[in-house]
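Scroll down for the structure; my scribbles are underneath it.
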Amino acid sequence: MIKIDLGNLNALEQRIYDKLLESSKQLSEITITQAAEICGCSISKISKFSKKLGFKNYKQYVDFLYGKELSKEETSSEFDRLKKFMDDFDFTLIDDFLELLGKYDKICLFGYGPSFIVAQYFEYKLRFSTNKYTIALPDELSVINMLDDNSLLVIFTTTGAWRSFENIYNISRKKGGKVLVIAEEYNSSLMGTCDRLFWLSKFHQPSDLDAHEKSRTVFFMFIEEVIHRLLIERKSKAEENTEAA
C-alpha cells in the first residue's frame, strides 16, 4: 500500500518533486546520486523526501516516477486475494482518511461505472454516521458544479485507466477544494489527478478482466472500516456527554 500526499511536502521538497518529475521526461533513468545533483541537495535529503512523500525508499519512488510496475501478486481465487489484502492492510489509511474527513463540511463522492455504486453506498453510510453534507455524484458536470473551497472530493477507481480525472482535479484546484483518489490497483498516472492518493492493494485482480468487470469488494471493506471507526467515536462522545450531564 502507498499513501502519497503532496501537501505534506515543504517548499524545498516540492521543488525536488517538480525537478525530478521534469527530469524524468528527459532522462531514461535517475540514480539517487543524480537526483541529489539535479536538486542541489544531499543524497540523504532525497531519501528522506521519498519516504515523506509516501514511498518505502528512493527505488520505489523512482519506479513510480517512470510508471514501472511495483510488486504485485496474481491469485487464482478472489477469496485468497481478499484474505491477503486483509492481512496486508495498513490501518493508518483509515486514520488518515478520518483526519482528512474532519477538515471538510462538504463531502463529494464520485466514480465511473460500478465505482459510482461504491460512492452511493458510502454516501448512505456517511449520512447516518456523520453530520456532514455528503453527496454521491453521477457525472463530471455534477461534480464540477458542487466543488468549492470547503469540499473534499473522494474518487473511487479500480484501475484509473478508463477515464482521466485531470479536468475535475484542475477545476477543484481553481475553486480551492481538495481531491482524494482511492484506487485499488497501482497506476502512477493518477498522481497528476489528485492532491492525495490512497493505493489500497498490491494483490491485483486477473489482468484479463476489463475495469467494469472487476470487483469493488476492497472498496466496500475500506468503507466499512471507516464507518466502524466513526460509529465507535460517536458512541464514545455520547457516553462522555451522558456522564457530564
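Residue numbers (the working numbering): 1 to 245. Just so you know, even glycine gets a beta-carbon here, dropped at the ideal spot from N, CA and C. These numbers were taken from a predicted model, which means no experiment stands behind them.
Simplified DSSP assignment, three categories, for Tyr112: Secondary structure at Tyr112: coil, using DSSP grouped into helix, strand and coil.
Which listed residue (Leu27, Lys174, Ile4, Gly40) has its alpha carbon closest to that of Phe15: Reading off the sequence, residue 15 comes out as Arg, not Phe. Closest option to Arg15, Cα to Cα, is Gly40.
Residue nearest to Phe128 in terms of C-alpha spacing, selected from Leu12, Leu231, Ser28: Looking at the Cα atoms, Leu231 is the closest of the given residues.
Nearest-angstrom beta carbon gap, Leu152 and Tyr104 [assumed within contact, 8 Å]: 4 Å
Three-way DSSP call (helix, strand, coil) for Tyr66 in this model: coil
Same chain only: Cβ atoms within 7 Å of Ile4, ignoring 5 sequence neighbours per side: Hits under 7 Å: Leu53, Gly54, Met191, Arg196, Leu197.
Lys132 to Ser164 span [Cα, whole Å]: 28 Å
Local Cβ density within 10 Å of Leu137, reported as buried at 16 or more and exposed below that: buried
C-alpha distance - Tyr186 paired with Glu243, whole-angstrom precision: 47 Å
Cα-Cα separation, Thr75 to Asp87: With a pLDDT of 44 at Thr75, under the threshold of 50, the modelled position of that residue is not reliable, and the figure given next carries that caveat. Roughly 15 Å between the two C-alpha positions.
Exposed unless 16 or more other CB atoms sit within 10 angstroms - verdict on Phe97: buried
Simplified DSSP assignment, three categories, for Lys52: helix
Close-in-space but distant-in-sequence residues of the same chain around Ser23 (CB under 7 Å, 5 per side omitted): Ile30, Ile38
Unbroken beta strand (DSSP E) run spanning Ile2, endpoints: That run of the beta strand (DSSP E) goes 2 to 5.
Leu126, buried or exposed, once every other Cβ within 10 Å from all chains shown has been counted against 16: buried
Inside the segment 135 to 191 only - beta strand (DSSP E) runs reaching at least 3 residues: 151 to 157, 178 to 183
Candidates Ala238, Ile144, Leu9, Tyr17: closest to Phe64 by CA position: Tyr17
Cutoff 7 Å; reference Thr193; Cβ partners in own chain excluding five residues on either side: Here Thr193 has Ser164, Phe165, Glu166, Tyr169, Val181 as same chain residues with Cβ atoms under 7 Å from its own Cβ, once five neighbours each way along the sequence are excluded.
Exposure label - Lys178; buried when at least 16 CB within 10 Å: buried
Of the listed residues Thr159, Glu224, Lys83, Ile227, nearest to Leu209 (C-alpha basis): Thr159
Glu73 - DSSP class collapsed to helix/strand/coil: Caution applies to Glu73, whose pLDDT of 49 falls short of 50 and renders its modelled position unreliable; the model cannot decide the point.
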